[in-house]
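Take the position in the sequence shown, starting the count at 1, then add 19; the result is the number in our numbering.
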Amino acid sequence: MAFPQRKNIKEEKRQQLIIVGSKNPVKINSTDIGFHQAFDSAFLVEGLNVSSEVSDQPVGDEETYLGANNRAKNAKLVFPEADYWVGIEGGVDEVNGEMHAFAWVVVLDRKGKTGKAKTATFYLPSVVTELVKGGMELGMADDQVFSRENSKQGNGSVGILTKGVVNRKEYYSQAVILALIPFLNESIYN
Numbered sequence: 020m021a022f023p024q025r026k027n028i029k030e031e032k033r034q035q036l037i038i039v040g041s042k043n044p045v046k047i048n049s050t051d052i053g054f055h056q057a058f059d060s061a062f063l064v065e066g067l068n069v070s071s072e073v074s075d076q077p078v079g080d081e082e083t084y085l086g087a088n089n090r091a092k093n094a095k096l097v098f099p100e101a102d103y104w105v106g107i108e109g110g111v112d113e114v115n116g117e118m119h120a121f122a123w124v125v126v127l128d129r130k131g132k133t134g135k136a137k138t139a140t141f142y143l144p145s146v147v148t149e150l151v152k153g154g155m156e157l158g159m160a161d162d163q164v165f166s167r168e169n170s171k172q173g174n175g176s177v178g179i180l181t182k183g184v185v186n187r188k189e190y191y192s193q194a195v196i197l198a199l200i201p202f203l204n205e206s207i208y209n
């Protein structure tokens, strides 16, 4: 007697579409890693070039958060058929004359729920800080100081300064997971 074959429950779930408000491969991969670690679901993660509507190098929590939020909202406007929209924006700020770097992550879903989180911060060397204060974007300053090319689409400052111990994908993916807390705990988050 032949028994009917059991279907894999994971295969029966509909693949959900996530749109990242950037074509930067680090942001796309970080989102992919974060969603797959947080949920037992099938996801397709795609990037879209959308405006952050803030400075090329955001300064301070407010401007950096606004950039991430705008990226998520603008991705939703451009591609409303998705299930989630993600904005990731890196920024800098000064404390007592020293500059630190960080990023904000904003996640939106179809139901109108928003998740948000900030990465850990780390201080930048003065040679990089001076270039950023002079109007250069952090990624370009890193490229100049560390003789790199397009480091913002690679390991970025965090990877360069930690000598690869902390890679940028993991750094951002942790914040993506933290931004997913409201979606993992829907009954206690409005």
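Don't be surprised by glycine CBs; every beta carbon is placed ideally from N, CA and C.
Just so you know, these numbers come straight off a predicted model, no measurement behind them.
Reduced DSSP category for residue i - H, G, I as helix; E, B as strand; rest coil
i: Glu100; result: coil
i: Asn204; result: coil
i: Asp161; result: helix
i: Lys92; result: helix
i: Ala139; result: coil
i: Asp75; result: coil
i: Ile28; result: Bear in mind that the predicted position of Ile28 carries a pLDDT of just 43, short of 50, making it unreliable; the figure below should be weighed with that in mind. Ile28 falls in the helix class under three-state DSSP.
i: Glu168; result: coil
i: Glu108; result: strand
i: Glu82; result: helix
i: Phe54; result: helix
i: Glu156; result: coil
i: Val184; result: coil
i: Leu199; result: coil
i: Phe22; result: Residue confidence for Phe22 is low, a pLDDT of 47 falling below 50, so the modelled location carries little weight; the figure read from the coordinates is stated next. Correct three-state label for Phe22: coil.
i: Asn209; result: coil
i: Val147; result: helix
i: Ser192; result: helix
Residue i - partner residues in DSSP beta bridges
i: Ile37; result: Val64 and Tyr103
i: Thr133; result: Leu127
i: Val114; result: Glu117
i: Ala87; result: Partner(s): none; Ala87 has no beta bridge.
i: Ala122; result: Gly109
Nearest-angstrom beta carbon gap, residue j and residue i [assumed within contact, 8 Å]
i: Gln136; j: Leu197; result: Reading the sequence as shown, one finds Ala at residue 136 and not Gln. 4 Å between Cβ atoms; contact.
i: Gly106; j: Gly40; result: 5 Å
i: Lys132; j: Pro201; result: 6 Å
i: Val78; j: Asp112; result: 6 Å
i: Ser71; j: Lys188; result: Ser71 to Lys188, Cβ: 20 Å. No contact.
i: Ile52; j: Trp104; result: At roughly 17 Å, the Cβ-Cβ gap does not stay under 8 Å, so Ile52 and Trp104 are not in contact.
Residue i Cβ short of 7 Å to the ligand FMN heavy atom set
i: Asp161; result: This structure simply doesn't include the ligand FMN, nor any ligand for that matter.
Selection from the options that minimises the alpha carbon distance to residue i
i: Gly66; options: Val78, Val97 and Ser74; result: Val97
i: Ala120; options: Gln76, Arg90, Gly183 and Gln34; result: Gln76
i: Val73; options: Glu156, Ile38, Phe165 and Val195; result: Glu156
i: Tyr142; options: Gly178, Leu199, Arg90 and Phe58; result: Gly178
i: Val124; options: His55, Ala139, Thr181 and Gly116; result: Ala139
Minimum Cβ-Cβ distance from residue i to chain D less than 8 Å
i: Leu203; result: The structure shown contains no chain D; it is built from a single protein chain.
Touching by the beta-carbon criterion (3+ pairs, under 8 Å), the stretch 77-95 and the stretch 48-65: They do not touch, by the three-pair rule.
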